[in-house]
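Report on one structure; see the data block that follows.
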Amino acid sequence: MEPQKEARTPGDLVSRRSGPSRSQTPNDEERQEGDTAPAEASLGAEADDACADALWELPVEPAERRPECSRCSRPQKVCLCPFLPLHPLHISTHLYIIQHPAEENKVLRTVPLLAACLPQDKCKVKIGRRFSEERDPELSTVCRKSDTLILYPGAEAANLEEFILDSPIYPSTIIIIDGTWSQAKDIFYKNSLFRLPKQVQLKTSISSQYVIRTQPTNRCLSTLECAAAALSILEKNNYIQETLLRPLQALCSFQLQHGAQIRLSKEHLLKNGLYPKPMPKNKRKLRKMELLMDSVKI
Numbered sequence: 001m002e003p004q005k006e007a008r009t010p011g012d013l014v015s016r017r018s019g020p021s022r023s024q025t026p027n028d029e030e031r032q033e034g035d036t037a038p039a040e041a042s043l044g045a046e047a048d049d050a051c052a053d054a055l056w057e058l059p060v061e062p063a064e065r066r067p068e069c070s071r072c073s074r075p076q077k078v079c080l081c082p083f084l085p086l087h088p089l090h091i092s093t094h095l096y097i098i099q100h101p102a103e104e105n106k107v108l109r110t111v112p113l114l115a116a117c118l119p120q121d122k123c124k125v126k127i128g129r130r131f132s133e134e135r136d137p138e139l140s141t142v143c144r145k146s147d148t149l150i151l152y153p154g155a156e157a158a159n160l161e162e163f164i165l166d167s168p169i170y171p172s173t174i175i176i177i178d179g180t181w182s183q184a185k186d187i188f189y190k191n192s193l194f195r196l197p198k199q200v201q202l203k204t205s206i207s208s209q210y211v212i213r214t215q216p217t218n219r220c221l222s223t224l225e226c227a228a229a230a231l232s233i234l235e236k237n238n239y240i241q242e243t244l245l246r247p248l249q250a251l252c253s254f255q256l257q258h259g260a261q262i263r264l265s266k267e268h269l270l271k272n273g274l275y276p277k278p279m280p281k282n283k284r285k286l287r288k289m290e291l292l293m294d295s296v297k298i
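Under UniProt numbering, the first residue of the sequence shown is numbered 1, with each subsequent residue one higher.
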């Protein structure tokens, strides 16, 4: 602490700014006779430093977080458990959620609601950006199994409904990446493990019900909605999708009643000339916007 105090004194700051040599500084007698004002300023600055140091030494009180429900992970005052199934849904499919770390602490995340509806041994959440056989042997084993699928759209992705009709091995595990589209893309392409399972996608015209967050297009679904659709197909049970969507619908309804606004997709805004921002100057972002606009025209 002492060297820091000395480094902040006005005398040092003056000498650093003006840069005088030692021969140019006044001697002690001259300072006593003619430089009382700088001396008083130095004393005042030292007093200020002492006060500041005293403030820094005060204990920091941690911010109090609202008590959360142990099941749905929502604040207890806005718990969504009444909209969850009384008992976890009975499913045979194993679901792995690969969650980007940035999603873990978001208030309006949907993965806790999804996990609360399913048995613990059927729904596992893995948080991180990079995964390997050394870091996660369990996930590595799962990705290498012939009956594992990964839900990620793309040119090489098969339609899930069509794939299970033709596949000789019925899928028992599905992997879903949770994050923004750019985060999901980063995780998918920078982890070779996730290109081992068969890649599938959902062919649906259903618009997302997660209307309190902006989606790139009308066909983009939240993680919970993707899981609900995929599990209902794999389990051949539409009741699963209805049950999983119920807490999401309740969440959006509650937020809209308390000031949230419906977020239209970028696709809708562009199509109707309502996009509020100027086109990006960054080439990569501009290309993404152009691709989105092309999809709107189709």
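Using N, Cα and C, we set each Cβ at its ideal position, and we do this for glycine too.
Span of the beta strand (DSSP E), counted from its first residue to its last, around Tyr152: Tyr152 -> no beta strand (DSSP E), and no H or E assigned at all.
Val107, buried or exposed, once every other Cβ within 10 Å from all chains shown has been counted against 16: exposed
Nonlocal neighbours in the same chain, by C-beta distance under 8 Å from Glu104, ignoring five residues either side: Ile127
Cα-Cα separation, Leu245 to Leu139: 27 Å
Pick from Asp121, Leu84, Ser192, Arg71 that is closest to Thr243, judged by C-alpha positions: Leu84
Residues that Pro82 bridges to, as DSSP identifies them: Pro82 pairs with nothing; no bridge assigned.
Burial state of Asn191, where buried means 16 or more other Cβ atoms lie within 10 Å: buried
At least three beta-carbon pairs within less than 8 Å, the segment 204 to 211 to the segment 172 to 191: no
CA nearest to the CA of Thr110, picked from Asn282, Ile262, Tyr170, Ile97: Ile97
Segment contact, 8 Å Cβ cut-off, at least three pairs: the segment 87 to 94 with the segment 156 to 164: no
Beta carbon of Leu151 nearer than 7 Å to that of Ile169: no
Gln201 versus Gln183, Val211, Leu231, Pro247, residue with shortest Cα-Cα distance: Leu231
Run of the beta strand (DSSP E) containing Tyr96, from where it starts to where it stops: 94 to 99
Own chain residues within Cβ distance below 6 Å of Ser23, not counting five before or after: In this predicted model, Ser23 has a pLDDT of only 39, less than 50, meaning its place in the structure is not dependable; the value taken from the coordinates is given anyway. Excluding positions up to five away in sequence, the list is empty.
First and last residue of the uninterrupted alpha helix (DSSP H) at Lys185: 181 to 189
8 Å contact criterion, which His100 and Gln199 should meet: CB distance rounded: At roughly 19 Å, the Cβ-Cβ gap does not stay under 8 Å, so His100 and Gln199 are not in contact.
DSSP three-state assignment for Pro88, whether helix, strand or coil: coil
Terminal residues of the alpha helix (DSSP H) in which Cys117 lies: 111 to 117
Nearest-angstrom Cβ-Cβ length linking Leu114 and Ala227, presumed shorter than 8 Å: 5 Å
Residue burial classification, Tyr189 (beta-carbon count within 10 angstroms, cutoff 16): exposed
DSSP-derived helix/strand/coil call for Asn238: helix
Beta-carbon gap between Pro171 and Asp147 smaller than 7 Å: yes
Segment limits, beta strand (DSSP E) that includes His204: The displayed chain sequence assigns Thr, not His, to residue 204. Unbroken run through Thr204: none, as it is neither H nor E.
Residue span of the alpha helix (DSSP H) that contains Asp178, given as start and end: Counting along the chain, Asp178 falls outside any alpha helix (DSSP H), though it belongs to the beta strand (DSSP E) covering 173 to 178.
Identity of the residues DSSP links to Glu68 by a beta bridge: Pro75
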